[in-house]
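This report refers to the structure that appears directly beneath it.
Protein chains in written order, with the numbering used here: chain E, 834 to 1165; chain R, 5 to 309.
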């Protein structure tokens, strides 16, 4: 089967002008999301994951400036669209699920109304059809008694239910792509797994591309087909799930993997790994490898030319002059 | 919703009673009414007679209870100046004041809300600054002076509109513009502030992510959340208009409650002043209650708790 590219982003950069200088939120990011595949974008808070997603959805804050050689959805060049034409695609062919379900629903409208309006906007098939679709999807995302729920307000629903509503909302027009930005971070641990499972199932059932943004490589491991690891605005390593976990190459990826406890595998009383230091300021000069200050292998060259992309095998590449792991046998 | 309403109603009643007591007491201690009525040359005996005639020699709480009992029965007493029943005096004029106040509020809201939304959407641009300019103009200009300018321009020079009286809708246009201009700026600024805050909210981003039109994002999703404080201020503004349009009523010779209050205070016409005070405070109370109910209608979190 030839993979069917849904979202393709090439050389995307997002800059935000601040009084203290230019913030390089996203630098030269390439991404591709395939139909039927889950692409995970992983990295610490503030590394540009959300900005990348918002840039693709054209939802960036007004101050942000975007540059890209390509942003396309199933072959349509999104950069060329007017705002009006873009809004006909948003919520229709591509939709987004946000991190905090407690604040992402409008408190003053019943959830039925908030679901139906998407269908009515993009499908123009009337309220009754929209209502049927909303009821079907609420049922599909595992909400019991969906008809009664349609008339309820967000504050009458638990966090887990609200996130299910957000997922149903994203599915209203049967999109080719769903971007889920930390969809489980704000939820109780017990609910997280259910919601992830649900997303994965729906993705397979509706044959969509799913972009899952997460700071938690452990969460991602369970459902991602491919992974892009971001650090300080750059994709530092990208590969299939197997490649990333089997042969982590960038020191940062390595560090992230060491942070994950494996129930039953991680020996008792061992210290979990941690990465010393914090994400550097992304204001001002963004040349060189941004991870060098926290990296055990850093040397002078990292200051200038740590960003060139190197390829290990088909689909697996990284940006580092000191790859770790299998290439050097320097694991641990 | 029922319980919410009963609670608010109970509070409103308590406020009404309290206001009438305080108003009554303040008016009574503001001067010796019997001495005023008797005139400057009256002897102490004549003053005492007048006090006895109007019941002013009784203890204050008895006077209040007498007044309250009559008022509940619909008898607000008689004007000390014209001897007409106070109820008739008020009913004669209240229509003009209510009409003028409602027109002014509608005009103010019709300008304030779209302008406030626009200023928030285009924050820190020329549009925003122009809206701010309009607000500053409305707030800074004394409304009696603005009224006079309107009379000169549209009444005297252009002769488009009548300048005094209250017999037709046309008579209300100029005073409505004068008063509406005075209450519009605060409403507009509150709309702008509320919108600025709500536009940052996650659910507005959700609305955009759904691909909704800008109109639906701004007016359906954002405005309904930003409008609650504006509703409350609009209610207070209407109360202010009902009780406080003395100057504009004078300028345009509109025979309303404001003018009656002003004249009655000058003449120490105690029963009239007391009744207007209660009327205006009742108006405030009813309006506050109405704004609570409207807000409960707009925001399910208020009515469903």
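Quick reminder that beta carbons are idealized off the backbone N, C-alpha and C, glycines included.
Three-state secondary structure assigned by DSSP to residue i
i	result
residue 1048 of chain E	coil
residue 1020 of chain E	coil
residue 306 of chain R	helix
residue 1064 of chain E	strand
residue 999 of chain E	helix
residue 1146 of chain E	strand
residue 1151 of chain E	strand
residue 872 of chain E	strand
residue 185 of chain R	helix
residue 1036 of chain E	helix
residue 834 of chain E	Annotation note: pLDDT 45 at residue 834 of chain E (below 50); position unreliable, no value reported.
residue 1116 of chain E	strand
Residue i Cβ short of 7 Å to the ligand GDP heavy atom set
i	result
residue 1131 of chain E	This structure simply doesn't include the ligand GDP, nor any ligand for that matter.
CB of residue i within 8 Å of CB of residue j, strictly
i	j	result
residue 310 of chain R	residue 272 of chain R	No statement about residue 310 of chain R is possible, as the shown extent of chain R runs from 5 to 309 and does not include it.
residue 1053 of chain E	residue 889 of chain E	no
residue 948 of chain E	residue 1005 of chain E	yes
residue 230 of chain R	residue 208 of chain R	no
residue 233 of chain R	residue 194 of chain R	yes
residue 1047 of chain E	residue 862 of chain E	no
residue 295 of chain R	residue 217 of chain R	no
residue 43 of chain R	residue 278 of chain R	no
residue 1155 of chain E	residue 1130 of chain E	yes
residue 1082 of chain E	residue 1153 of chain E	yes
residue 1067 of chain E	residue 1123 of chain E	yes
residue 945 of chain E	residue 921 of chain E	no
Chain R within 8 Å of residue i, Cβ atoms only
i	result
residue 939 of chain E	yes
residue 929 of chain E	yes
residue 910 of chain E	no
residue 923 of chain E	yes
residue 1041 of chain E	no
residue 988 of chain E	yes
residue 907 of chain E	no
residue 846 of chain E	no
residue 1163 of chain E	Residue placement at residue 1163 of chain E cannot be trusted, given a pLDDT of 40 that sits under 50; the coordinates are not used to answer.
residue 834 of chain E	The pLDDT assigned to residue 834 of chain E is 45, lower than 50, so where the model puts this residue is not dependable; a value taken from the coordinates is nonetheless given after this. So no, residue 834 of chain E is outside the interface.
residue 933 of chain E	yes
residue 955 of chain E	yes
residue 936 of chain E	yes
residue 892 of chain E	yes
residue 878 of chain E	no
Residues near residue i by beta carbon distance below 6 Å, same chain, minus five either side
i	result
residue 293 of chain R	12 and 16
residue 834 of chain E	Note that residue 834 of chain E scores 45 on pLDDT, short of 50, meaning its location in the model is unreliable; the coordinates nonetheless yield the value given after this. Cβ within range, chain order: n/a, list empty.
residue 175 of chain R	166 and 169
residue 1161 of chain E	Here residue 1161 of chain E scores only 46 on pLDDT, less than 50, and its place in the model is too uncertain to base an answer on.
residue 924 of chain E	951
Neighbourhood of residue i by C-beta distance below 7 Å, restricted to the same chain and skipping five residues each side
i	result
residue 1051 of chain E	1093
residue 83 of chain R	90, 93, 273, 275 and 276
residue 1020 of chain E	992, 993, 996 and 1028
N- and C-terminal bounds of the alpha helix (DSSP H) containing residue i
i	result
residue 1067 of chain E	No alpha helix (DSSP H) holds residue 1067 of chain E; the beta strand (DSSP E) holding it covers 1067-1073.
residue 115 of chain R	90-125
residue 960 of chain E	959-973
residue 24 of chain R	6-33
residue 936 of chain E	934-937
residue 270 of chain R	261-270
residue 66 of chain R	64-76
residue 917 of chain E	916-922
residue 164 of chain R	Counting along the chain, residue 164 of chain R falls outside any alpha helix (DSSP H), and DSSP gives it neither H nor E.
residue 48 of chain R	48-57
residue 948 of chain E	944-955
Residue i: first and last residue of the uninterrupted beta strand (DSSP E) it sits in
i	result
residue 802 of chain E	With chain E running from 834 to 1165 in the structure shown, residue 802 of chain E is simply not present.
residue 844 of chain E	838-851
residue 905 of chain E	903-906
residue 1013 of chain E	1010-1014
residue 878 of chain E	Looking at the DSSP string, residue 878 of chain E is not in any beta strand (DSSP E), and its letter there is neither H nor E.
residue 930 of chain E	927-930
residue 899 of chain E	897-900
Any chain E beta carbon closer than 8 Å to residue i
i	result
residue 210 of chain R	yes
residue 215 of chain R	yes
residue 126 of chain R	no
residue 3 of chain R	No statement about residue 3 of chain R is possible, as the shown extent of chain R runs from 5 to 309 and does not include it.
residue 228 of chain R	yes
residue 398 of chain R	Chain R is shown only over 5 to 309; residue 398 of chain R falls outside these bounds and no answer can be derived.
residue 103 of chain R	no
Close beta carbons around residue i, own chain, < 8 Å, minus the five adjacent residues each side
i	result
residue 940 of chain E	986, 987 and 988
residue 321 of chain R	Only positions 5 to 309 of chain R appear in the structure, and residue 321 of chain R is not among them; the question remains open.
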